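Encoded as structure tokens, the structure appears first; notes follow it.
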Amino acid sequence: KVVHYLKDYQAPDFAVADINLTFSLEDAYATVLNRMTVVPRQADKPCVLDGSAELLQIVLNGKSLCPHEYAVADEKLIIHAVPDSEFVLEITTKLYPAQNKTLMGLYESGDNLYTQNEPEGFRKITYYFDRPDVMSQFTTTIIGDKQRYPVMLSNGNLIDSGELDNGRHWVCWRDPFAKPSYLFALVAGQLAVLEGSFTTRSGKEVALKFYTRPEDRAKAGFALESLKHAMQWDEDRFNLEYDLNIFMVVAVSDFNMGAMENKGLNIFNTKYVLASSDTATDADFEAIEGVIGHEYFHNWTGNRVTCRDWFQLSLKEGLTVFRDQEFSADRASRAVRRIHNVRVLRSMQFAEDAGPMAHPVRPASYEEMNNFYTLTVYEKGAEVVRMYHTLLGEAGFQKGMQLYFQRHDGQAVTCDDFRAAMADANGVNLEQFALWYSQAGTPQIKAHGEYDAGNRTFSLHLQQYIPPTPDMADKQPMVIPVKVGLLGRDGTSVVFRLADTDAVVEETVLVFNQAQQTFVFHDVAQEVVPSLLRGFSAPVRLDYPYSDADLMLLLAHDSDSFARWEAAQTLYRRAVAANVVALEANQPAPHHAELAEAITAALNADIDPAYKAVLLQVPTEAELWEDAQSINPELYVRARQALLQDLAASMEDTLTHWRTWADTQEQNSKHAAPQEYHPDLAGVRSLRNILLQWGVQASAQVLQTIASEYTQRATNMTHEFGMLSAINHLSDDKRDELLNQFAQRHAHDDLVMDKYFVLIGSSQRADTLQQVQAALQHPAFSLENPNKVRSLLGSFSRNIQHFHAADGSGYRFIAEHILRIDGFNPQVASRLVQAFNLYGRLEPQRKALMAEQLQRIQQHEGLSKDSREIVDKILR
Ligand code: DPP
Ligand code: ZN
Numbered sequence: 008k009v010v011h012y013l014k015d016y017q018a019p020d021f022a023v024a025d026i027n028l029t030f031s032l033e034d035a036y037a038t039v040l041n042r043m044t045v046v047p048r049q050a051d052k053p054c055v056l057d058g059s060a061e062l063l064q065i066v067l068n069g070k071s072l073c074p075h076e077y078a079v080a081d082e083k084l085i086i087h088a089v090p091d092s093e094f095v096l097e098i099t100t101k102l103y104p105a106q107n108k109t110l111m112g113l114y115e116s117g118d119n120l121y122t123q124n125e126p127e128g129f130r131k132i133t134y135y136f137d138r139p140d141v142m143s144q145f146t147t148t149i150i151g152d153k154q155r156y157p158v159m160l161s162n163g164n165l166i167d168s169g170e171l172d173n174g175r176h177w178v179c180w181r182d183p184f185a186k187p188s189y190l191f192a193l194v195a196g197q198l199a200v201l202e203g204s205f206t207t208r209s210g211k212e213v214a215l216k217f218y219t220r221p222e223d224r225a226k227a228g229f230a231l232e233s234l235k236h237a238m239q240w241d242e243d244r245f246n247l248e249y250d251l252n253i254f255m256v257v258a259v260s261d262f263n264m265g266a267m268e269n270k271g272l273n274i275f276n277t278k279y280v281l282a283s284s285d286t287a288t289d290a291d292f293e294a295i296e297g298v299i300g301h302e303y304f305h306n307w308t309g310n311r312v313t314c315r316d317w318f319q320l321s322l323k324e325g326l327t328v329f330r331d332q333e334f335s336a337d338r339a340s341r342a343v344r345r346i347h348n349v350r351v352l353r354s355m356q357f358a359e360d361a362g363p364m365a366h367p368v369r370p371a372s373y374e375e376m377n378n379f380y381t382l383t384v385y386e387k388g389a390e391v392v393r394m395y396h397t398l399l400g401e402a403g404f405q406k407g408m409q410l411y412f413q414r415h416d417g418q419a420v421t422c423d424d425f426r427a428a429m430a431d432a433n434g435v436n437l438e439q440f441a442l443w444y445s446q447a448g449t450p451q452i453k454a455h456g457e458y459d460a461g462n463r464t465f466s467l468h469l470q471q472y473i474p475p476t477p478d479m480a481d482k483q484p485m486v487i488p489v490k491v492g493l494l495g496r497d498g499t500s501v502v503f504r505l506a507d508t509d510a511v512v513e514e515t516v517l518v519f520n521q522a523q524q525t526f527v528f529h530d531v532a533q534e535v536v537p538s539l540l541r542g543f544s545a546p547v548r549l550d551y552p553y554s555d556a557d558l559m560l561l562l563a564h565d566s567d568s569f570a571r572w573e574a575a576q577t578l579y580r581r582a583v584a585a586n587v588v589a590l591e592a593n594q595p596a597p598h599h600a601e602l603a604e605a606i607t608a609a610l611n612a613d614i615d616p617a618y619k620a621v622l623l624q625v626p627t628e629a630e631l632w633e634d635a636q637s638i639n640p641e642l643y644v645r646a647r648q649a650l651l652q653d654l655a656a657s658m659e660d661t662l663t664h665w666r667t668w669a670d671t672q673e674q675n676s677k678h679a680a681p682q683e684y685h686p687d688l689a690g691v692r693s694l695r696n697i698l699l700q701w702g703v704q705a706s707a708q709v710l711q712t713i714a715s716e717y718t719q720r721a722t723n724m725t726h727e728f729g730m731l732s733a734i735n736h737l738s739d740d741k742r743d744e745l746l747n748q749f750a751q752r753h754a755h756d757d758l759v760m761d762k763y764f765v766l767i768g769s770s771q772r773a774d775t776l777q778q779v780q781a782a783l784q785h786p787a788f789s790l791e792n793p794n795k796v797r798s799l800l801g802s803f804s805r806n807i808q809h810f811h812a813a814d815g816s817g818y819r820f821i822a823e824h825i826l827r828i829d830g831f832n833p834q835v836a837s838r839l840v841q842a843f844n845l846y847g848r849l850e851p852q853r854k855a856l857m858a859e860q861l862q863r864i865q866q867h868e869g870l871s872k873d874s875r876e877i878v879d880k881i882l883r
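The sequence shown maps to residues 8 to 883 in the UniProt record's numbering.
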């Protein structure tokens, strides 16, 4: 096993002045001629190239190399002796895209060809310095049959094309911007195109082209509009303009990731391009806008300035996630978007940080890079970027960005370079801030405070602790921005003055950077309840000894929408914890009358419907067990369920009232097409759908209502999927009937069938495993399609109750399918292995059952290094 370490980084021995690729597409294979001008940076170094494709020929400065002049082993080609100065290397390889089920390198989907090269797919195409710090100008010629490959695309601008004999044609694309190999892309096949254009601020007209299967073309319209918004936003907010005359997006249904930012030629999972309101939910539309933005924003943060090595992945991903989050927030519903992002971070990234895969935002080592496209690198990475923004403000942050581009445009750089640009542009010291890149684990803050009526001061005492992770035991205190406000007992905001200033303010960002610190607020006129970590100003857990009454006060009055929501979350967490204690002792779960009242009051307050919807989200199981040990997952499902039932029963009238209100809002909407996606209507529908979920808990009558309204409402996918989600856990035959009807009606629509598989995989019904097994045989299901695997098996692996079934059947089932998938698509398989991350923290019986399955995976002959890295880390 080979472990790669950040500390071993060495600059490349060779540069590539230019690279010319010629792809000849034949019926059953393709040949690639790679002609590159190589420039040694030091004398007497052997030339070591990455590659694993079938090698046909190597020509150095016009002379074919003999076998003794080179060696091929372990995905490397070593040419023993090369000239000391610039030389031309021509390498020919042969590829079999139809047989390539890894979906990395060049592969076939449908009858078309696509590439995916990040991080290390280019070596499956040719032999090259397949590392991000080797940047070169690419010219790509593609030759293929006109009937079979009428469309042939690559990066940059189309500079030439022509006809050949035998019904063949050719095209030549040239990308004027130097780039690393991971940003290379090629697409060939029969594709329809939807076109638009965007005029940049300097007056350049950019052709926008969306390529899809012909029958999907009409569904790319929303993505095209989203792209225009993204281009405009990046000019307005970041002062960044697009740099080529053409921007292409290609949609493909077989894709390992969400999308890929290849220069000028983004390749997208169909899931993040295609949408119409009868096949996509409002959440799907929002995800499309976000991902289109994300990949577009990479053009500057990722492509113009890229990563020196893969340890620095968060340099581009954390920053670009931050940018796409801000784009979405500026488009609509900032408060609700923020809460949504925090919820994902806390239920998934915190879990990663508390498990066997814990790693810093900049990992120190990896075996398989594909395993490090993680929530930590992306989502926590985005929080780290957000903290610069919180500490420096918008203007200071933008100054930092400007300096970053001034210094590094066209370069491959590190997270330290980014941090230095932020520090230097603002004249601040960010040395200690570096710990956010090197220390894994979620910092925990213990806080308490007291009011001194005599001195009119409120003192806030903070203590930080960063838990040990498998890679590091002892940690240093970190810089944690804590945004704070104070509320009086009547719910009004109470102003204060900090020491050393005269300014009287109602909010401040404390820079908490020692193990323990006390902050004193002066001139505080009355006893207060602190509102802490406003806006979720740092990715930490914060514990303050609030009374339930304090939390209810914050829930009713806090002007910060995150802190207000968080008060409800804490109340829910406490209530579920009380239920866990009762259920463990075989007692009935207690009644939570005061909480029901507080939530009812919050629902009845004058707030945005989308915000009401998120107030009704009870924390996920993973948030509830946090970093507990000896976990019985099923207990948390039952305790959470009991709370929902109890609250819903007390609140039945309120739930019905607001559901009726939501219906009226939609019916009387001022929008011309209320069926279509619009942020306002999305908010109303999201409220209605969560009310349905609560309503089903309160009364069986809701199922009848859904059944009778189903057909009429099912013209809009948000409603249709919302109704099915609400009844998905019921054992009533009506549920099966509606699900079957759904599957039949949408049998021809790949992306809607993914939703059907999600419903099957995530149901709490007793017969879920049998239904999942049956769904594997469904004609629309395929183990070779990552979206299908994620929908059915991925959702089952997150189905707490059934994956963690006490008899071990869930573990066995997932292990068996991991092994089936690992043989042809290691990347998708190793994601599923992470379903077992809870291993070390389970109660003994489940732990033993899980151990059997983990060992079975570990001992499997020919297991991929992707899956091996994960399973070894879980079992270590
Ligand atoms: N395509 C992935 C993303 O955009 C990896 N770069 O995040
Ligand atoms: Zn990205």
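Every residue, glycine too, gets a C-beta built ideally from N, C-alpha and C. Note that the structure is predicted; figures quoted are calculated from it, not measured.
Taking DSSP as the reference, what is the three-state secondary structure of His824? For the purposes of this step, residue 824 is taken as the residue at position 817 of the sequence shown. Here His824 sits in helix by DSSP.
How would you label Tyr12, buried or exposed, when you count the other beta carbons within 10 angstroms and need 16 or more for buried? What you label residue 12 is simply residue 5 of the sequence shown in a count that begins at 1. The residue in question, Tyr12, is exposed, as its Cβ has fewer than 16 Cβ neighbours within 10 Å.
For the ligand DPP, is there any heavy atom lying closer than 6 Å to the beta carbon of Met111? Position 104 of the sequence shown holds residue 111. No, the beta carbon of Met111 sits no closer than 6 Å to any heavy atom of the ligand DPP.
In the DSSP assignment, find the beta strand (DSSP E) that holds Met142 and state where it starts and stops. The residue you call residue 142 lines up with position 135 of the sequence shown. Taken as a continuous stretch (DSSP letters only), Met142 belongs to no beta strand (DSSP E), as it is neither H nor E.
Rounded straight-line distance, which links the Cα of Leu56 to that of Ala339: Start at 1 with the first residue of the sequence shown, and residue 339 comes out as number 332. Start at 1 with the first residue of the sequence shown, and residue 56 comes out as number 49. Cα to Cα, the separation comes out at about 48 Å.
Contact between the segment 827–846 and the segment 856–876 is defined here as three or more beta-carbon pairs at a separation below 8 Å; is this criterion met? Remark: three or more beta-carbon pairs, one from each stretch, lie closer than 8 Å, so the segment 827–846 and the segment 856–876 are flagged as touching.
The ligand ZN and Glu324: does any heavy atom of the ligand fall closer than 6 Å to the residue's C-beta? Position 317 of the sequence shown holds residue 324. Because some heavy atom of the ligand ZN lies under 6 Å away, the Cβ of Glu324 counts as near it: yes.
Spatial distance of Leu272 from Ala237 (CA atoms): By 1-based counting over the sequence shown, the position of residue 272 is 265. By 1-based counting over the sequence shown, the position of residue 237 is 230. Separation of Leu272 and Ala237 (C-alpha to C-alpha, rounded to the nearest whole angstrom) is 16 Å.
Using 7 Å as the threshold, is the C-beta distance between Ala60 and Lys131 below it? Locating residue 60 in the sequence shown gives position 53, counting from the first residue. Locating residue 131 in the sequence shown gives position 124, counting from the first residue. Between Ala60 and Lys131, the C-beta spacing is below 7 Å.
Do Leu327 and the ligand ZN come close, with the Cβ less than 6 Å from some heavy atom? For the purposes of this step, residue 327 is identified with residue 320 of the sequence shown, where counting begins at 1. Looking at the sequence provided, one finds Thr at residue 327 rather than Leu. For Thr327, the CB falls within less than 6 Å of some heavy atom of the ligand ZN.
Please report how far the alpha carbon of Phe145 lies from the alpha carbon of Ala192, in whole angstroms. For the purposes of this step, residue 145 is taken as the residue at position 138 of the sequence shown. For the purposes of this step, residue 192 is taken as the residue at position 185 of the sequence shown. If you take the alpha carbons of Phe145 and Ala192, they lie about 10 Å apart.
In its own chain, which residues sit with a C-beta less than 6 Å from the C-beta of Asn723, not counting the 5 before and 5 after it? For the purposes of this step, residue 723 is taken as residue 716 along the sequence shown, with counting starting at 1. These residues qualify, in order along the chain: Ser284 and Gln682.
Report, in whole angstroms, the separation of the C-beta atoms of Phe184 and Lys270, which I expect to be a contact under 8 Å. The residue labelled residue 184 in the question sits at position 177 within the sequence shown. The residue labelled residue 270 in the question sits at position 263 within the sequence shown. Indeed, because the Cβ distance is near 6 Å, the residues count as touching under 8 Å.
Give me the Cβ distance between Glu628 and Ile807, rounded to the nearest whole Å; I'm assuming they're in contact under 8 Å. What you label residue 628 is simply residue 621 of the sequence shown in a count that begins at 1. What you label residue 807 is simply residue 800 of the sequence shown in a count that begins at 1. Confirmed, about 5 Å.
Buried or exposed: which applies to Lys490, given that a residue is buried once 16 or more other Cβ atoms fall within 10 Å of its Cβ? For this step, residue 490 is matched to residue 483 along the sequence shown. If you draw a 10 Å sphere on the C-beta of Lys490, you find 16 or more other C-beta atoms in it, and that means buried.
Contact belief for Ile166 with Ala195 at Cβ below 8 Å, rounded distance in angstroms: As a working mapping, residue 166 is identified with position 159 in the sequence shown. As a working mapping, residue 195 is identified with position 188 in the sequence shown. Their Cβ separation, rounded to whole angstroms, is 17 Å, which puts Ile166 and Ala195 out of contact at 8 Å.
Just to confirm, are Phe136 and Pro19 a CB contact at a threshold of 7 Å? Sequence index remark: in the sequence shown, residue 136 carries index 129 (1-based). Sequence index remark: in the sequence shown, residue 19 carries index 12 (1-based). Yes, they are a contact pair.
Would you report the Cα separation of Tyr641 and Arg742, rounded to the nearest angstrom? Start at 1 with the first residue of the sequence shown, and residue 641 comes out as number 634. Start at 1 with the first residue of the sequence shown, and residue 742 comes out as number 735. A quick correction: the sequence has Glu, not Tyr, at residue 641. When rounded, the separation of the alpha-carbon atoms in Glu641 and Arg742 is 23 Å.
At least three beta-carbon pairs within less than 8 Å, the segment 290–308 to the segment 331–338: Yes, they touch.
Please classify Pro53 as buried or exposed, where buried requires at least 16 neighbouring CB atoms within 10 angstroms. As a position in the sequence shown, residue 53 is number 46, starting the count at 1. Exposed, because fewer than 16 other Cβ atoms sit within 10 Å of the Cβ of Pro53.
Lys453 versus Val759, Leu198, Arg344 and Pro552, residue with shortest Cα-Cα distance: Within the sequence shown, numbered from 1, the residue matching residue 453 stands at position 446. Closest by alpha carbon: Pro552.
With a floor of 4 residues, list each alpha helix (DSSP H) that falls wholly inside the segment 858–882, ordered by position along the chain. If you keep only unbroken alpha helix (DSSP H) runs of at least 4 residues inside the segment 858–882, you get 872–882.
Rank Phe788, Asn794, His753 and Leu800 by C-alpha distance to the C-alpha of Ser770 and give the top, closest one. Walking along the sequence shown from the start, residue 770 turns up at place 763. Minimum Cα distance to Ser770 is reached at Leu800.
Applying the 10 Å Cβ sphere with the 16-neighbour rule, what's the burial state of Cys73? To locate residue 73, count along the sequence shown from 1; it is residue 66. Cys73 comes out exposed.
Taking all protein chains shown into account, decide if Glu212 is buried (16 or more other Cβ within 10 angstroms of its Cβ) or exposed. The residue given as residue 212 occupies position 205 in the sequence shown. Classification of Glu212: exposed, given that the 10 Å Cβ count is below 16.
If you compare alpha carbons, which of Ala230, Ile98, Gly495 and Arg496 is closest to Ala287? Locating residue 287 in the sequence shown gives position 280, counting from the first residue. Distances from the CA of Ala287 to each of Ala230, Ile98, Gly495 and Arg496 were compared; the closest alpha carbon is that of Ala230.
Spatial neighbours of Leu861 in its chain, beta-carbon cut-off 7 Å, leaving aside the 5 residues before and after: As a working mapping, residue 861 is identified with position 854 in the sequence shown. Only Phe843, Tyr846, Val878, Ile881 and Leu882 meet the Cβ criterion.
So, at 7 Å on beta carbons, what are the nonlocal neighbours of Ala208 in its own chain, with the 5 sequence-adjacent residues on each side left out? Your numbering for residue 208 matches position 201 in the sequence shown. Note that residue 208 is Arg in the sequence shown here, rather than Ala. For Arg208, same chain residues with a beta-carbon under 7 Å away, outside a window of 5 residues either side, are Glu242 and Glu248 in chain order.
At a cut-off of 6 Å, would you count Met376 as near the ligand DPP, judging by its Cβ distance to the nearest heavy atom? Along the sequence shown, one-based indexing puts residue 376 at 369. Not so, every heavy atom of the ligand DPP lies at least 6 Å from the Cβ.
Classification of Pro595 by the beta-carbon crowding that lies within 10 angstroms, buried from 16 upward: One-based indexing of the sequence shown puts residue 595 at position 588. The residue is exposed, with fewer than 16 neighbouring Cβ atoms inside 10 Å.
Are the beta-carbon atoms of Ala605 and Pro597 separated by less than 7 Å? Locating residue 605 in the sequence shown gives position 598, counting from the first residue. Locating residue 597 in the sequence shown gives position 590, counting from the first residue. Contact flag unset, no.
Supposed close pair Ala105, Glu97 - CB separation, criterion 8 Å: For this step, residue 105 is matched to residue 98 along the sequence shown. For this step, residue 97 is matched to residue 90 along the sequence shown. The pair is not a contact, with the Cβ atoms about 26 Å apart (cut-off 8 Å).
Between Glu268 and the ligand DPP, is the CB less than 6 Å from at least one heavy atom? For the purposes of this step, residue 268 is taken as residue 261 along the sequence shown, with counting starting at 1. Glu268: yes, Cβ under 6 Å from the ligand DPP.
When you compare only the Cα positions, how much space is there between residue 2 and Ser161? Any property of residue 2 remains undetermined from this structure, which presents the chain solely from 8 to 883.
Same chain, Cβ closer than 7 Å to Ser706, neighbours up to 5 away in sequence not counted: The residue you call residue 706 lines up with position 699 of the sequence shown. The answer, listed in chain order, is Glu659.
Do the segment 508–517 and the segment 444–462 touch if we need at least three Cβ pairs shorter than 8 Å? In the pairwise beta carbon analysis, the segment 508–517 is classified as not touching the segment 444–462: fewer than three pairs are separated by under 8 Å.
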